[in-house]
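Numbering (my numbering), first residue to last: 266 to 458.
The structure under discussion appears below in the form of structure tokens.
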Amino acid sequence: MNDIVNSQLPELLLELESKCKEIGFTMPSDRKIGSLLRTLITSKPNANLLELGTGIGLSLCWMVEGMDSGSRLTTIDNDAELIDIAKNYFGADQRLNLLCTDGSEWLKHYKGEKFDLIFADAWPGKYSETEIALDLLKAGGFYVIDDMTLQPNWPEGHQDNVNALLEFLETRKDLVLTRLHWSSGVIIATKRE
266 MNDIVNSQLP ELLLELESKC KEIGFTMPSD RKIGSLLRTL ITSKPNANLL ELGTGIGLSL
326 CWMVEGMDSG SRLTTIDNDA ELIDIAKNYF GADQRLNLLC TDGSEWLKHY KGEKFDLIFA
386 DAWPGKYSET EIALDLLKAG GFYVIDDMTL QPNWPEGHQD NVNALLEFLE TRKDLVLTRL
446 HWSSGVIIAT KRE
């Protein structure tokens, strides 16, 4: 088995990967995490989903393919240029809410329905406001983070942030945690009742 080969690529994936190269976007999510997100989301019909860190929409294209017609997804990034690119590709999908805002502030002020899945691919919800994000997760919901394995673009001292996050997550009695030394290093947590 080769876990790199995936014959069921999202329709927009190649175009989005090309766009990343064109604009010099150096922080794209890889295909493995995208495929995993699509699978997890498919298990949650009529889901309320949250992505923190839209980028140009690479993970989003996988997530959208896992959604059914009754699901909805809010995706947040603080970079207006990247959100504008994502809106060009996904803006017509009525199930999506693409927001250009500070993720930390959004998390602090969100008062809506809890989420069935949170993909935290940005500082907010991962390294800051983590407790708030986890409180917004439904029982049985998935909290997914990637980039947990040393990356060449990490700033000096970032491993300390990763270690502190892992230690915090391990102390939570309301989470069942799985660490995957796969893709860029993935953590999947499921919230207990």
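Where is the CB? At the ideal position from N, CA and C, for every residue including glycine.
- For Leu-402, the enclosing beta strand (DSSP E) stretches over residues 402–410.
- With the rule of 3 Cβ pairs closer than 8 Å, the stretch 417–425 does not count as touching the stretch 447–456.
- Taking C-beta atoms as the reference points, Gly-318 and Asp-386 count as a pair closer than 8 Å.
- Taking the Cβ atoms as the reference, Ile-298 lies roughly 7 Å from Ser-324, within the contact range of under 8 Å.
- Only buried fits Thr-395, as 16 or more other CB atoms lie within 10 angstroms of its CB.
- Of the other Cβ atoms in all chains shown, 16 or more fall within 10 Å of the Cβ of Phe-384; this residue is therefore buried.
- Where Arg-337 is concerned, the enclosing beta strand (DSSP E) starts and stops at 337–342.
- Looking at the backbone, the Cα of Leu-315 and that of Arg-360 are separated by about 12 Å.
- At least 8 Å separates the beta-carbon of Asp-342 from that of Cys-326.
- Looking from the CA of Asn-418, the closest CA among Ser-449, Asp-344 and Gly-320 belongs to Ser-449.
- Its Cα nearest to that of Arg-437, the residue Leu-399 stands out among Ala-312, Ser-369, Leu-399 and Asp-412.
- Residue pairing by DSSP places Ser-393 opposite Pro-389 in a beta bridge.
- Between Leu-281 and Tyr-354, the C-beta spacing is below 8 Å.
- Annotated as proximal: Leu-442 and Glu-435, with beta-carbon spacing under 8 Å.
- Of Glu-276, Leu-301 and Lys-284, the smallest CA-CA separation from Phe-407 is found for Leu-301.
- Between Gly-390 and Ala-351, the C-beta gap is not smaller than 8 Å, which leaves the two residues out of contact.
- In the DSSP assignment, Ile-453 falls within the beta strand (DSSP E) that extends over 451–456.
- For Glu-316, the enclosing beta strand (DSSP E) covers residues 313–317.
- DSSP places Leu-302 inside the alpha helix (DSSP H), whose first and last residues are 296–307.
- Contact annotation, Thr-339 with Asn-311: C-beta distance approximately 15 Å; criterion of less than 8 Å not satisfied.
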